[in-house]
Amino acid sequence: MTECLFCKMVLGVIKPNVVYENDYVLAFKDINPQAPVHILIIPKTHVATLNELDNIELSGQLLLAVNQVAQQENLSEAGYRTVINCNKNGGQEVYHLHLHLLGGRHALATRIT
Ligand code: 5GP
Ligand code: ZN
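Per the working numbering, the very first residue in the sequence shown carries number 7; after that it's consecutive.
Structure representation (structure tokens):
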């Protein structure tokens, strides 16, 4: 069994609050939200950091999922911020690539995770 927290979510061993999924990605609410809406979007395959992302189709699917989830959560028009933390200096804590989708208030009021 994988030790990766987010792989466990993809496998259904741990059940996050899922807001969207397709064949490529899973999107769920962050457990410690830094904005009124704080959703994490992850690839369903294990990619440790942005440094290891080498699949063009998956890269596109991740960005399209941000677009899709933003629409679903009614963030598109007002706007939102997307953050990817990479490795130690980027503040990455979970080593399975994830895109933070932060919305619901002005980004200047949102602490970047
Ligand atoms: P990072 O600092 O790696 O970019 O962000 C990791 C994010 O994962 C943090 O915002 C943290 O709150 C979130 N997180 C950590 N553990 C869990 C968990 O068990 N469930 C959920 N839903 N989010 C988590
Ligand atoms: Zn993983």
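We put the CB at the ideal spot given by N, CA and C, even for glycine.
Within the same chain, show all residues whose beta-carbon is closer than 6 Å to that of residue i, passing over the 5 residues directly before and after it, in chain order.
i: Arg87; result: Leu108, Ala113
Under the criterion of a Cβ to heavy atom distance below 6 Å, does residue i qualify as lining the ligand ZN?
i: Cys10; result: yes
i: Leu52; result: Per the sequence presented here, residue 52 reads as His, with Leu not at that position. Yes, Cβ of His52 sits closer than 6 Å to a heavy atom of the ligand ZN.
i: His106; result: no
i: Cys92; result: no
Can you name, in chain order, every residue of its own chain whose Cβ lies under 8 Å from the Cβ of residue i, other than the five neighbours on each side?
i: Tyr101; result: Cys10, Ala54, Thr55
i: Thr116; result: Gln40, Ala41, Arg87, Leu108
i: Gln78; result: Val25, Tyr26
Taking the beta carbon of residue i as the centre, do at least 16 other beta carbons fall within 10 Å, making it buried, or is it exposed?
i: Asn28; result: exposed
i: Leu69; result: exposed
Does any heavy atom of the ligand 5GP sit closer than 6 Å to the C-beta of residue i?
i: Gln78; result: no
i: Asn38; result: yes
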